[in-house]
Amino acid sequence: MQNNGYHWRNREIRQHVRVIDEASSPTLVLTNCTYLNAYTKQWLQANIWIDEDRIVYVGDKTPKNMNRTEVYDCQGKYAVPGYIEPHAHPFQLYNPEQLAKHAGRTGTTTLVNDNLLWLFLLQKKKAFSILDEFRKLPVSMYWWARFDAQTEMQQQDDIFHTEDVLEWIKHPAVLQGGELTAWPELLAGDDRLLYWIQETKRHGKPVEGHFPGASERTLTKMKLLGINADHESMTGEEVIRRLQLGYQVGLRYSSIRPDLPRILAELIALDLKSFDHLTMTTDGATPGFYEDGLMNVCIDIAIKKGIPLEEAYLMGSFNAAKHLRMEEQLGSIAPGRLAHINILYAKDNPHPESVLAKGKWIVKNGAEETVHQKIDWQAYGLKPLNLDWELGKNELQFSVPIGLEMVNDVIMKPYPIEIDITVDRLPEQTNEAFLLMLDRKGKWRVNTTLRGFTSKLGALASSYSTTGDFVFIGKDKQDIILAGKRIKEMGGGIVLVHQGKILLEIPLSLSGMMFDGDMKELIEKEKELKDYLQDFGYPFQDPVYSIFFLASTHLPYIRITQQGIIDVKKKEVLFPATMC
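So the sequence shown is residues 60 to 639, counted in our numbering.
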């Protein structure tokens, strides 16, 4: 077993050498295996010896000592490295363990995850303890250290202060800093951010940016300030520009930005010769987008778009390991690496028929193996919310003159409110709805309107948001009050109410943010949510992200936050939050 996610203990390493000396037997041997060598980009024939969770030998020899060895014949099959998702947000209704299990079934055996929710939900000591718990999963779970909250919070400095940020950076399960959404502050002279970046680099870890639409000048400045990677390219030309400036570039295929097929076609048209500094990411897609898997889907798209076969697999594995300084542990089938291996029916079919993670079968010959739950959520206080506030008419007083208008799933612009919003129900001939953000503890609220989300729905209540505060959207105050009552009884989740009837409940029993159950069940519930909302006039593709990003100040142009209604560009509070 690896110590803190990096190294094997001396006695384990000696045991691995004993296997090579045939003084001990490996636990598993894959025979007659045609595998992709990540270093030569060739398909080679070999036997692969595995001892517990580590690959110890790749070559033509068969061990003589096999008294405790399982033998698996790969004749006619192909082996590739376990896939790596280098940029996961593992809290999009699902929880990280749930995502890891689901990802592993389709060959994504390593996830590098956002730590943001741990910063909000857990004290540092407990957060580090839960990182250790994730090491017990067969899927490798690593993390990145946030420098900013991507929203305006009332007590942001209590979460992002130097001592804690540096402790996260130094943690061995943390592989990078970022993603940096507060880059405008960095450019404006925020030396604390620059110090954190420099400390991350001093510890040998890269820093990832978040630079949608950035100019060549801005990208150059960010390189000078220490940023290594970016996943926000929206065209092939933007990818090329970043590569030319020395960035590691992530190509995105997510539920709100499914850009990968188009970008790959553009890169081929631009005659890109080298793919070594490209990775792919699903960037925290919502549950239904993952129905068929994660990186296996991205690799399949790359192959079908004409990316050379070997390059497509390495973009989904080895390239990420190299960038994250983890190539001695991950991303290849070679001695000394973790035994993350996908076995395929055909070279050009990246959907594995068998999956090994840390040397254990997750899927074998198309049949899923049982993976028992490891995380004791209750031990970390991650349980249904105990709420002591009541939502009533006092909280549903609306008077501000400016509302939020949806441009797309996640972009909001300000608009002047010209209808009477003091009424109990807004008319159906408008596509405006009441919008309320309420503090988890009921201490403050922000009241405005949202145009473009629904034309008819009585109420949606959600404890799932960027900050974990409550969001209420709807046409009818009585329905909003009922939704608030029900979400309080549930201890958090998402509730739809219309004309006094509860239509749908999605319980998020882990601190009001995460579903505690099977991914397939959650996918069906999310589909039902989308169907209802589209029936009630939601015109876009991803309502879960629309709700989640209402408070996200890394997106233009106006947001509803803990501080109040914010003009994102000017960093100005237009209307402050109201104390309850």
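Using N, Cα and C, we set each Cβ at its ideal position, and we do this for glycine too. Owing to the predicted nature of the structure, the values given are computational and were not obtained by experimental measurement.
Counted within 10 angstroms of its Cβ, other Cβ atoms place residue i as buried (16 or more) or exposed
{"i": "ASN467", "result": "exposed"}
{"i": "GLU267", "result": "buried"}
{"i": "GLU491", "result": "buried"}
{"i": "ARG73", "result": "exposed"}
{"i": "GLN307", "result": "buried"}
{"i": "GLN157", "result": "buried"}
{"i": "CYS133", "result": "buried"}
{"i": "ASN106", "result": "buried"}
{"i": "MET60", "result": "Any reading at MET60 needs caution, since the residue's pLDDT is 44, under 50, leaving its predicted position unreliable; the model's value is listed next. MET60 should be labelled exposed."}
{"i": "ARG41", "result": "Since the displayed the chain opens at 60 and closes at 639, residue 41 lies outside it and no answer follows."}
{"i": "LEU581", "result": "buried"}
{"i": "GLY390", "result": "buried"}
{"i": "GLN209", "result": "buried"}
{"i": "ALA542", "result": "buried"}
{"i": "ALA379", "result": "buried"}
{"i": "ASN453", "result": "exposed"}
Alpha carbon of residue i to alpha carbon of residue j, nearest angstrom
{"i": "HIS399", "j": "GLY141", "result": "5 Å"}
{"i": "PRO411", "j": "PRO231", "result": "30 Å"}
{"i": "PRO367", "j": "GLY571", "result": "44 Å"}
{"i": "TYR604", "j": "SER611", "result": "10 Å"}
{"i": "LEU87", "j": "VAL422", "result": "15 Å"}
{"i": "TYR153", "j": "LEU170", "result": "14 Å"}
{"i": "LEU252", "j": "MET374", "result": "30 Å"}
{"i": "TYR254", "j": "ALA518", "result": "45 Å"}
{"i": "PRO145", "j": "ILE228", "result": "17 Å"}
{"i": "LEU592", "j": "PRO271", "result": "29 Å"}
{"i": "SER514", "j": "THR489", "result": "6 Å"}
{"i": "ASN91", "j": "ASP207", "result": "49 Å"}
{"i": "GLU287", "j": "LYS280", "result": "Checking the sequence shown, residue 287 turns out to be Asn, not Glu. Distance between the alpha carbons of ASN287 and LYS280 is about 12 Å."}
{"i": "MET465", "j": "LEU609", "result": "10 Å"}
{"i": "ILE532", "j": "PHE493", "result": "6 Å"}
{"i": "VAL469", "j": "GLN303", "result": "30 Å"}
{"i": "ASP590", "j": "GLY559", "result": "19 Å"}
{"i": "MET638", "j": "ALA371", "result": "53 Å"}
{"i": "PRO566", "j": "LEU196", "result": "24 Å"}
{"i": "LYS534", "j": "ALA138", "result": "55 Å"}
{"i": "THR168", "j": "LEU397", "result": "10 Å"}
{"i": "LEU283", "j": "VAL505", "result": "39 Å"}
{"i": "ASN62", "j": "ALA159", "result": "No answer about ASN62 holds up, because its pLDDT of 45 lies below 50 and its placement is not dependable."}
{"i": "PRO615", "j": "TYR98", "result": "42 Å"}
{"i": "ILE155", "j": "PHE607", "result": "In the sequence on display, residue 155 carries Pro and not Ile. Cα to Cα, the separation comes out at about 17 Å."}
{"i": "LYS544", "j": "VAL224", "result": "38 Å"}
{"i": "GLU350", "j": "GLU564", "result": "21 Å"}
{"i": "THR240", "j": "ALA273", "result": "12 Å"}
{"i": "VAL430", "j": "LYS628", "result": "47 Å"}
{"i": "LYS547", "j": "LEU329", "result": "54 Å"}
Residues bridged to residue i [DSSP beta-bridge criterion]
{"i": "ILE461", "result": "PRO475"}
{"i": "CYS133", "result": "Its beta-bridge partners do not exist; DSSP assigns none."}
{"i": "PHE493", "result": "THR508, GLY533"}
{"i": "ALA97", "result": "Per DSSP, none; premise fails for ALA97."}
{"i": "ALA204", "result": "GLY236"}
{"i": "VAL266", "result": "GLY236"}
{"i": "SER199", "result": "THR169"}
{"i": "GLU564", "result": "VAL554"}
{"i": "VAL88", "result": "TRP108, VAL130"}
{"i": "TYR518", "result": "Looking at the sequence provided, one finds Ala at residue 518 rather than Tyr. Paired residue(s): VAL556."}
{"i": "ARG484", "result": "ASP535"}
{"i": "TRP503", "result": "MET638"}
{"i": "LEU569", "result": "MET573"}
{"i": "TRP102", "result": "LEU95"}
Below-8 Å beta-carbon distance, residue i vs any chain B residue
{"i": "SER313", "result": "No chain B is part of this structure, which consists of one protein chain only."}
- Pair every Cβ in the segment 382-392 with every Cβ in the segment 607-622, then say whether three or more of these pairs are closer than 8 Å. No, the segment 382-392 does not touch the segment 607-622.
- Message: My parser needs the alpha helix (DSSP H) runs of 4 or more residues fully inside the segment 104-170; what are they?
- Response: Considered as a whole, the segment 104-170 harbours 155-164 as its complete alpha helix (DSSP H) runs of no fewer than 4 residues, in chain order.
- Query: Unbroken alpha helix (DSSP H) runs of length 4 or more, entirely within the segment 572-639: which are they?
  - Reply: For the segment 572-639, the full-length alpha helix (DSSP H) segments reaching 4 residues or more read 578-594, 602-607 along the chain.
- Message: Count Cβ pairs between the segment 402-422 and the segment 111-121 that sit closer than 8 Å; are there 3 or more?
- Response: Yes, the segment 402-422 touches the segment 111-121.
- Item | Complete runs of the beta strand (DSSP E) confined to the segment 397-434 [at least 3 residues] | Segments of the beta strand (DSSP E) lying fully in the segment 397-434: 400-403, 413-416, 419-423.
- Task: Say whether the segment 322-332 touches the segment 287-298, bearing in mind that this needs 3 or more beta-carbon pairs closer than 8 Å, one atom from each stretch.
- Result: The segment 322-332, when compared against the segment 287-298, does touch it at the 8 Å Cβ threshold.
- Task: Taking 8 Å as the threshold, find out whether the segment 435-445 comes into contact with the segment 468-482 through three or more Cβ pairs.
- Result: As far as the Cβ criterion goes, the segment 435-445 does not touch the segment 468-482, which means the pair count is below three.
- Task: Report yes or no: do the segment 515-534 and the segment 552-566 share at least 3 C-beta pairs separated by less than 8 Å?
- Result: Contact holds: three or more Cβ-Cβ distances are below 8 Å.
- Counting pairs of beta carbons, one from the segment 158-166 and one from the segment 116-136, are three or more of them closer than 8 Å? Output reads no: the segment 116-136 does not touch the segment 158-166.
- Message: Three or more C-beta pairs under 8 Å: does that hold for the segment 171-179 against the segment 195-203?
- Response: In short, these stretches touch, since the Cβ pair count reaches three.
- Message: Just to confirm the assignment: which complete beta strand (DSSP E) runs, minimum length 3, are found wholly within the segment 289-373?
- Response: Annotation: the segment 289-373 contains the following complete segments of the beta strand (DSSP E) (minimum length 3 residues), in chain order: 307-311, 337-340.
- Message: Quick test of the definition: if touching needs 3 or more C-beta pairs under 8 Å, does the segment 240-247 touch the segment 191-200?
- Response: Fewer than three Cβ pairs drawn from the segment 240-247 and the segment 191-200 lie within less than 8 Å of each other, which leaves the two stretches out of contact.
- Item | Three-pair Cβ contact test at 8 Å for the segment 496-505 versus the segment 436-451 | Because the criterion of three Cβ pairs below 8 Å is met, the segment 496-505 and the segment 436-451 touch.
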